[in-house]
Amino acid sequence: MPIVCPHCTTSYAIKASTLGEAGRTVRCSRCREVWLARPEDVVEEAAVPVMVPSLATAQSAGPDLAAEWEAMGRHEDAAETPVVDSPSISADWPAEGKDAADWPAVAEADAAAHADAAAAGGKRRFALPRLFRLPSLPRIPFMPVVGALPTACAAMGALIIALLVWRSDVVRLLPQTALFYRMVGFDVNLRGLAFKDLKITNETVDGKPVLVIEGVIVGQTRKPVELPRLRFAVRDAQGAEIYAWNAVLEQSVLNPGERAFFKSRLASPPPEGRNIDIRFFNKRDLTGGHV
Numbered sequence: 009m010p011i012v013c014p015h016c017t018t019s020y021a022i023k024a025s026t027l028g029e030a031g032r033t034v035r036c037s038r039c040r041e042v043w044l045a046r047p048e049d050v051v052e053e054a055a056v057p058v059m060v061p062s063l064a065t066a067q068s069a070g071p072d073l074a075a076e077w078e079a080m081g082r083h084e085d086a087a088e089t090p091v092v093d094s095p096s097i098s099a100d101w102p103a104e105g106k107d108a109a110d111w112p113a114v115a116e117a118d119a120a121a122h123a124d125a126a127a128a129g130g131k132r133r134f135a136l137p138r139l140f141r142l143p144s145l146p147r148i149p150f151m152p153v154v155g156a157l158p159t160a161c162a163a164m165g166a167l168i169i170a171l172l173v174w175r176s177d178v179v180r181l182l183p184q185t186a187l188f189y190r191m192v193g194f195d196v197n198l199r200g201l202a203f204k205d206l207k208i209t210n211e212t213v214d215g216k217p218v219l220v221i222e223g224v225i226v227g228q229t230r231k232p233v234e235l236p237r238l239r240f241a242v243r244d245a246q247g248a249e250i251y252a253w254n255a256v257l258e259q260s261v262l263n264p265g266e267r268a269f270f271k272s273r274l275a276s277p278p279p280e281g282r283n284i285d286i287r288f289f290n291k292r293d294l295t296g297g298h299v
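Have a look at this one:
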């Protein structure tokens, strides 16, 4: 059964049993290439020409066949290489003898001739051909600066107004922005409630001093708001909390346009108290253990 070299298509007649099931590595005696011959690569005998050397014959030929191919390659290279007769570069040199002494004069005359030719012809500049042309950049139409400035200012002004008008919604979505509003002098009221007309008075009941705190709660939204408990705290001159208590309002919901009045009393207030804080009860008061 024949096998064919995949590089130079030279065929060799071998026995299929010599390849084995996994195939065998063989070398072509013509191109010296090595490949893996497998049983499924074996060509049918009918498709192989009669004048095909066997693998054993090729291997027995050995170095003689290789030398023959190398000689043929050198012959082909020599035949394809053109030979051009070139005159000797020393053809114009003066011969040895009496003309050898005139060599410096000949060199000076040749240099002078080249200098005269350069002076007569002037300077010649040869333009190099442009090998390639870069594509031109596309032109992008820009908005005129005069027209863009008022538009940008108007957009910035609208954004600032929106941040101020809806600052409660902004802080509710992004709580970290509350510090920014406080820095620029704007308070953010997330509850929609505010204290007004606060008044603190001192009374005496059964010979004991009583501190009376009263005021009004107003709504700042257009929808009903739940009224939380009130938180009162007495602080000393250093701002430390001395005493605190809570109060529940009689009204639980404040509708738009309504007001809620409150009044709370503290018997025997601490003598070191200097300020009183009034605010709404929050979750931090629950974690602190106050009721």
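Just so you know, the numbering used here puts 31 at position 23 of the sequence shown, and the rest follows in order with no gaps. Glycine residues also receive a C-beta, built at the ideal position from the N, C-alpha and C atoms. Computed from a prediction, not measured in an experiment: that's the story for all the values here.
Residue 29 versus residue 45 - alpha carbon distance: 10 Å
Over the uninterrupted alpha helix (DSSP H) stretch that includes residue 192, give me the two end residues. Neither: residue 192 is in no alpha helix (DSSP H) and is coded neither H nor E.
Quick check: what's the CA-CA separation for residue 276 versus residue 285? 17 Å
If you follow the alpha helix (DSSP H) that residue 178 is part of, which residue opens it and which one closes it? 175 to 181
Are there 16 or more other CB atoms within 10 angstroms of the CB of residue 190, so buried, or fewer, so exposed? The residue is exposed, with fewer than 16 neighbouring Cβ atoms inside 10 Å.
Over what stretch of residues does the beta strand (DSSP E) that includes residue 250 continue unbroken? Its beta strand (DSSP E) spans residues 249 to 255.
Go to residue 19, then tell me how far its beta strand (DSSP E) extends in each direction, as first and last residue. 19 to 21
Are the segment 228 to 237 and the segment 254 to 265 touching, with three or more C-beta to C-beta distances below 8 Å? yes
With a threshold of 7 Å on Cβ separation, who are the neighbours of residue 206 within its own chain once the five nearest residues in sequence on each side are excluded? Answer for residue 206: 223, 286, listed in chain order.
Name the one or two DSSP bridge partners that residue 221 has. 208, 272
How about residue 270 and residue 252: are their beta carbons less than 8 Å apart? no
Per DSSP, the bridge partner or partners of residue 10: 21
Buried or exposed, going by whether 16 or more other CB atoms sit within 10 Å of the CB of residue 94? Unreliable positioning characterises residue 94 in this predicted model, as indicated by a pLDDT of 44, which lies under 50. The coordinate reading is nonetheless provided below. Exposed, because fewer than 16 other Cβ atoms sit within 10 Å of the Cβ of residue 94.
When DSSP labels each residue in this structure, what does residue 285 get in the three-state scheme? strand
Near residue 41, what residues of its chain come up, given a Cβ to Cβ distance below 6 Å and the 5 sequence neighbours on each side ignored? 15
Helix, strand or coil for residue 26? Go by DSSP, reduced to three states. Residue 26: helix per DSSP, three-state reduction.
Look up residue 33 in the DSSP assignment and say whether it is helix, strand or coil. It is a strand residue.
Residue closest to residue 289, alpha-carbon to alpha-carbon, out of 231, 257, 212, 243: Of 231, 257, 212, 243, the residue nearest in Cα terms is 257.
Give the DSSP-derived three-state secondary structure of residue 291 in the structure shown. helix
Distance, Cα to Cα, residue 187 vs residue 196? Spanning the alpha carbons of residue 187 and residue 196 requires a straight line of approximately 10 Å.
Spatial distance of residue 231 from residue 216 (CA atoms): 43 Å
Quick one: using the 10 Å Cβ neighbour count with 16 as the cut-off for buried, is residue 13 buried or exposed? buried
I'd like the span of the beta strand (DSSP E) that includes residue 42, first residue to last. 42 to 45
Exposed unless 16 or more other CB atoms sit within 10 angstroms - verdict on residue 242: buried
Apart from the five residues just before and just after residue 67, which ones in its own chain have a Cβ nearer than 8 Å to its Cβ? No answer about residue 67 holds up, because its pLDDT of 49 lies below 50 and its placement is not dependable.
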